[in-house]
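This report concerns only the one structure given below.
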Amino acid sequence: MEILKSRFFKKNTALVAEKLLGCYLVRQIGNQKLIGRIVETEAYLGVKDSCCHSFQNHFTDKTKAMYLEGGFSYVYFTYGMHYCLNVVTGDKTQPEAVLIRALEPIEGISKMKKYRKKQNLKDLCSGPGKLCQAFSITKKLNAKKLTKKGELFITKGRAVKDKELDSRVGLPLHKDSAYWFLRFYIKNNPHVSVRKNQIC
DNA sequence: CTGGGGATCGAG
DNA sequence: TCGATCCCCAGG
286 MEILKSRFFK
296 KNTALVAEKL
306 LGCYLVRQIG
316 NQKLIGRIVE
326 TEAYLGVKDS
336 CCHSFQNHFT
346 DKTKAMYLEG
356 GFSYVYFTYG
366 MHYCLNVVTG
376 DKTQPEAVLI
386 RALEPIEGIS
396 KMKKYRKKQN
406 LKDLCSGPGK
416 LCQAFSITKK
426 LNAKKLTKKG
436 ELFITKGRAV
446 KDKELDSRVG
456 LPLHKDSAYW
466 FLRFYIKNNP
476 HVSVRKNQIC
């Protein structure tokens with residue numbers, strides 16, 4: 286179980302998003318370990334991406350974690366009830382990140398069911414808000430280093446063959462960057478999120 | 001100080 | 001299709 290090093294996250298953001306497919310998100314809560322295989326990601330390209338929180342170097346208390354170096358977390362709260370987990374990429378001059386959108390539950394499934402208050406395996410981590418609930422990820426885990434053993438980290442996985450590429454999800458459709466093809470997922474994996482804002 | 005929006009989810 | 005729900009931030 287090899288932990289991904291910060292070097293992994295300091296490459297091209299879209300490439301990082303693609304290479305994160307098949308890797309494992311590990312959440313350690315006391316003695317309890319939760320593991321999920323990453324099956325869906327989205328890249329957010331910083332200052333030039335109008336859908337990115339750090340568009341045009343927008344800098345606030347909320348977005349400042351994006352200005353950390355690659356390998357840190359960026360967790361934010363949205364819609365009054367959900368958290369989303371990102372991994373920061375690039376160096377400090379590139380406030381870019383990859384949103385972790387879905388996981389395939391691997392270990393600690395009974396705990397995930399408890400946190401989610403859902404029994405169906407497919408309901409546990411098939412969305413960015415769901416997986417944060419299943420893994421008990423809140424704002425307390427914002428701006429944390431993910432490249433060492435601790436409460437939250439990512440380990441290397443096996444290479445994935447069937448990758449798909451699509452436009453991103455849940456964004457204001459009047460912005461052209463909403464249509465950029467920066468969503469990566471594993472083809473035919475039942476734990477990939479269901480998109481509602483079907484484009485075209 | 002205040003009001004409006006949000007990288008979502010789930011019920012109906 | 002729509003309502004929940006609340007933190008954060010821009011604007012006054």
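Heads up, the first sequence is in this note's numbering, so the first residue is 286 and it goes up one at a time.
C-beta atoms are modelled at their ideal positions from N, C-alpha and C, and glycine is treated no differently.
When secondary structure is reduced to three states using DSSP, P413 falls in the helix class.
Residue range Q317 to Y329 is occupied by the beta strand (DSSP E) that includes A328, with no alpha helix (DSSP H) assigned at that position.
With respect to the C-alpha of T326, the residue from K403, E392, K304 and Y352 having the closest C-alpha is K304.
Nearest C-alpha to V311 among A299, M286, R292 and V477: M286. Between the C-alpha atoms of L388 and V373 there is a straight-line separation of about 18 Å. Membership of R292 in the alpha helix (DSSP H) is indicated by the continuous run S291 to F294. Separation of the CB atoms of F438 and I288 is rounded to 5 Å, and the pair is thereby assigned contact status at 8 Å. The secondary-structure analysis by DSSP pairs K407 with nothing; it has no beta-bridge partner. Just measuring C-alpha positions, the residue of A328, Y309 and F293 sitting nearest L450 is A328.
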